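These notes concern the structure reproduced below.
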Amino acid sequence: MARILIIDDDELIRNSLSRCFADMGHEILLAGDLRAGLGMAGTGVDVIYLDLNLPDGDGQKAIDDLAASPGHPEIIVITGLGNNYGARQSLASGAWDYIRKPASPQSVRASLADALAYRRDHRHGPAAREPRNDGIIGTSPPMQRVRERIAQAADSEAGVLLLGETGAGKELAARAIHNQSRRGAGPFVVVDCGNLTETLVESALYGHVKGAFTGAHADRRGLVGEADGGTLFLDEVGELPPVQQKSFLRVLQERRYRPVGGVRELSSDFRLVAATNRDLEAMALAGEFRSDLLFRLRTLEIGLPPLRERGEDIPLLAAHFAGLSCARYGLPAKRLAAPLVRLLAGYAWPGNVRELGNVMEAAVIAAGRDAVVYPKHLPGHLRLSALGAVPDGGGAPAGAPPVSPRRAGDVVPYDEYKARRDKEYFQELMALCSHDVTTASLMSGLSVPSIYRHLSLSNIPTRRKKS
Numbered sequence: 314m315a316r317i318l319i320i321d322d323d324e325l326i327r328n329s330l331s332r333c334f335a336d337m338g339h340e341i342l343l344a345g346d347l348r349a350g351l352g353m354a355g356t357g358v359d360v361i362y363l364d365l366n367l368p369d370g371d372g373q374k375a376i377d378d379l380a381a382s383p384g385h386p387e388i389i390v391i392t393g394l395g396n397n398y399g400a401r402q403s404l405a406s407g408a409w410d411y412i413r414k415p416a417s418p419q420s421v422r423a424s425l426a427d428a429l430a431y432r433r434d435h436r437h438g439p440a441a442r443e444p445r446n447d448g449i450i451g452t453s454p455p456m457q458r459v460r461e462r463i464a465q466a467a468d469s470e471a472g473v474l475l476l477g478e479t480g481a482g483k484e485l486a487a488r489a490i491h492n493q494s495r496r497g498a499g500p501f502v503v504v505d506c507g508n509l510t511e512t513l514v515e516s517a518l519y520g521h522v523k524g525a526f527t528g529a530h531a532d533r534r535g536l537v538g539e540a541d542g543g544t545l546f547l548d549e550v551g552e553l554p555p556v557q558q559k560s561f562l563r564v565l566q567e568r569r570y571r572p573v574g575g576v577r578e579l580s581s582d583f584r585l586v587a588a589t590n591r592d593l594e595a596m597a598l599a600g601e602f603r604s605d606l607l608f609r610l611r612t613l614e615i616g617l618p619p620l621r622e623r624g625e626d627i628p629l630l631a632a633h634f635a636g637l638s639c640a641r642y643g644l645p646a647k648r649l650a651a652p653l654v655r656l657l658a659g660y661a662w663p664g665n666v667r668e669l670g671n672v673m674e675a676a677v678i679a680a681g682r683d684a685v686v687y688p689k690h691l692p693g694h695l696r697l698s699a700l701g702a703v704p705d706g707g708g709a710p711a712g713a714p715p716v717s718p719r720r721a722g723d724v725v726p727y728d729e730y731k732a733r734r735d736k737e738y739f740q741e742l743m744a745l746c747s748h749d750v751t752t753a754s755l756m757s758g759l760s761v762p763s764i765y766r767h768l769s770l771s772n773i774p775t776r777r778k779k780s
C-alpha cells in the first residue's frame, strides 16, 4: 500500500481521485491548497498529484520542495491550465508525469502504477553513481538535480542537449559530462557556433587541404577531427547556419567527414554535447532549424536553471568567485559583508552566473587589500539597482523585475513589452559604462557580439574607448 497525496483546490477533483485510488488499496491524503499540501508531504508520501493553479501559490514553483520532502515522492502534475511549455517546465523540474484535465480514471491509474513500479525498481536496483561537483557550485534542489542528470549522461554515449540562458553555465556542465565519462582523458573541443562565419564554417569544422582556397597554405585538421576520441561541444548550436545543419547531420550519423578541397573522407569518433539559449523546437516549426538534427541532438536533455531561480546558491557562488579573484590577483582572502550578500540576492542577474563572476571580480579589485567586501565595492549598475535609481529620469533600474500592466487596456503584445524592457536595460548599462562595449560585456556577463546584437535591435549607439 502506498501513501498518495492529492493537492488540488477543486473538491470534486480531490474526491474523484481519492475514490479512484482508494479502490486500489492505497492510503489517500487530501489538501486544498499548497500550504496544507507541503505540510502533509512532510509526513512522508510516495506519490503526489499536484495542481499548478492553487489559491496560495504556484504549484510549478513548489515541485522542488515537494520532491525534496521525506521519501522523495514522485510528482504527477494534473492541471486544467496545461500547455506544451508548462508540460516541458514541469518535466524539466523533475515531475514524473504531466496529465491534463479532464483525465480518464484509466490514465491517472496507469500513471500511478508506473510511478510506483519505478519506485520499487529504484529502491531495489543498483545504487546510482554519486554525482560529482566538477566545479558546479550550489546546493539548491535545481542544481542537485542537474548534477544527477550530468552523472546519468556521463554513463552513456548518447547526444546531450543543454538548455539555458546565456551565462547559466552550459559549458561548465558540458565539461562535467566529458570529465565524468569514459572519454574524460580525451580532448574536449569547443565549437562556438555563434562566431562561425558562413564562408569559413566548413573549414573550421572539417578542416581543409593545402591549396583548397586562397590563404590555405597548409593542411588543417578541423574541430571535428580534433575531437576524435573525446567530446565535441557545439555551443549555441541554434546559430549554426542552415546549410551546415544539413552537412553536420550526415557527419553526426556516420562520424565521417571530408575536409574542404579533400578527395577522401576521414573518420572521427566523438561524443556530441550541444547547448543553446534558444527554443529549437519553435525554430524547427518555423523552418529555421532542421527537425531531424534536433532529434539527433536531444537524445538526452538537461535544463540549466537561471540564477534567479536558485537564489540560495548566490552566497556560495559569490564567495567562490571572490576567492578565485583573490588568488588570481594575489590579494588576501576576503569576507563578504552581510549587506553585500543581501544586495546580490535581491538582484535579477540577467547575465546569470557569468555576470556574478564578473561582478565579484570587479568588487575584489575595488576592495584591494581590505579584508571585507562591502556594497560600495560593487559596480555602479548593481548599486543603482538596489537604490532604485533611474538614470536620465526614465525607465526602471537594471535587473529590476518588470512592472506588470494593471488594467486590461494597458496590456501590450509581449514582444513589444519585452523589447521595451530590454531597451531600458541596455540604455542604462551603456550609460554606466560610457557607451564602451567591452566594459558593458564585463559588467553584464554577456559576450561582446551579444551586446552588439542587443544594441542594434534597440537602436542604441555605441563607441569604443580610445586606447
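Residue numbering for the sequence shown is 314 to 780, as defined by the working numbering. Built from N, CA and C at the ideal position, the CB exists for glycine as well. All values reported here derive from a predicted model rather than from experimental measurement.
Contact defined as beta carbons within less than 8 angstroms: I believe residue i pairs with residue j. What is the distance between those atoms, to the nearest angstrom?
i: proline 455; j: aspartate 377; result: 6 angstroms
i: arginine 316; j: aspartate 359; result: 5 angstroms
i: leucine 598; j: leucine 545; result: Going by Cβ atoms, the distance from leucine 598 to leucine 545 rounds to 26 angstroms, so no, they are not a contact pair.
i: alanine 466; j: leucine 613; result: 5 angstroms
i: isoleucine 341; j: isoleucine 319; result: 7 angstroms
i: glycine 393; j: lysine 414; result: 4 angstroms
i: alanine 588; j: glutamate 461; result: Not really, about 19 angstroms apart at Cβ, beyond 8 angstroms.
i: valine 537; j: valine 503; result: Not confirmed; about 12 angstroms, so no contact.
i: isoleucine 412; j: isoleucine 391; result: 5 angstroms
i: aspartate 346; j: leucine 367; result: 6 angstroms
Check residue i in the structure and name its three-state DSSP category.
i: glycine 693; result: helix
i: arginine 327; result: helix
i: phenylalanine 501; result: strand
i: asparagine 772; result: coil
i: threonine 752; result: helix
i: valine 537; result: helix
i: arginine 682; result: coil
i: aspartate 369; result: coil
i: arginine 584; result: strand
i: glycine 574; result: coil
i: valine 761; result: helix
i: isoleucine 412; result: strand
i: alanine 567; result: Residue 567 is actually glutamate in this sequence, not alanine. Three-state DSSP puts glutamate 567 in a helix.
i: valine 358; result: coil
i: glutamate 269; result: Nothing about residue 269 can be read from this structure; the chain reaches only from 314 to 780.
i: arginine 648; result: strand
i: glutamate 340; result: strand
i: glutamate 614; result: strand
i: leucine 553; result: coil
i: leucine 579; result: strand
i: histidine 530; result: coil
Can you have a look at residue i and say buried or exposed, based on whether 16 or more other CB atoms are within 10 angstroms of its CB?
i: tyrosine 570; result: buried
i: methionine 743; result: buried
i: glycine 338; result: exposed
i: glycine 480; result: buried
i: isoleucine 678; result: exposed
i: glutamine 557; result: buried
i: asparagine 508; result: exposed
i: alanine 498; result: exposed
i: isoleucine 764; result: buried
i: proline 386; result: buried
i: histidine 731; result: Here residue 731 turns out to be lysine, not histidine, going by the sequence shown. By the 10 Å Cβ count, lysine 731 comes out exposed.
i: tyrosine 642; result: exposed
i: glycine 357; result: exposed
i: lysine 647; result: buried
i: alanine 330; result: In the sequence under discussion, the amino acid at residue 330 is leucine, which differs from the alanine named in the question. Its Cβ being crowded by 16 or more others within 10 Å, leucine 330 is buried.
i: tyrosine 431; result: exposed
i: histidine 530; result: exposed
Among the options, which has the Cα closest to the Cα of residue i?
i: alanine 658; options: Leu620, Ala498 and Arg648; result: Leu620
i: cysteine 333; options: Ser417, Arg495, Glu578 and Pro554; result: Ser417
i: isoleucine 388; options: Asn366, Ser420, Ala354 and Ser754; result: Ala354
i: leucine 562; options: Gly472, Gly480 and Glu511; result: Gly472
i: alanine 640; options: Glu614, Gly616 and Met673; result: Met673
i: leucine 579; options: Gly352, Leu518 and Arg462; result: Leu518
i: leucine 768; options: Leu669, Ser747, Glu461 and Gln740; result: Gln740
i: aspartate 762; options: Val522, Asp505 and Asp369; result: What sits at residue 762 in the sequence shown is proline, not aspartate. Nearest of Val522, Asp505 and Asp369 to proline 762, Cα basis: Asp505.
i: arginine 734; options: Leu770, Thr356 and Ser760; result: Leu770
i: glutamate 478; options: Pro645, Asp683 and Trp662; result: Trp662
i: proline 774; options: Ser760, Lys736 and Leu759; result: Lys736
i: isoleucine 627; options: Arg611, Leu649, Ser638 and Leu644; result: Leu649
i: arginine 458; options: Ser420, Ser469 and Gly407; result: Gly407
i: glutamate 622; options: Asp323, Thr751, Ser453 and Tyr431; result: Ser453
i: glycine 451; options: Ser754, Val666, Thr751 and Leu697; result: Val666
i: proline 645; options: Ala632, Asp683, Leu629 and Thr751; result: Asp683
Determine, for residue i, whether the minimum Cβ-Cβ distance to residues of chain C falls below 7 angstroms.
i: serine 581; result: Given the protein chain composition of this structure (a single chain), no chain C is represented.
(message) Measuring CB atoms only, is the stretch 643 to 661 touching the stretch 674 to 692, in the sense that at least three cross pairs come out at less than 8 angstroms?
(response) yes
(request) Assess, as a yes-or-no matter, whether the stretch 599 to 611 is touched by the stretch 484 to 498 under the definition of 3 or more beta carbon pairs within less than 8 angstroms. (result) no
(message) Under 8 angstroms, with one C-beta from each stretch per pair, do the stretch 566 to 582 and the stretch 520 to 532 reach the 3-pair mark?
(response) yes
(request) Decide yes or no for the touch test of the stretch 548 to 555 against the stretch 580 to 596: beta carbon pairs closer than 8 angstroms, at least 3 of them. (result) yes
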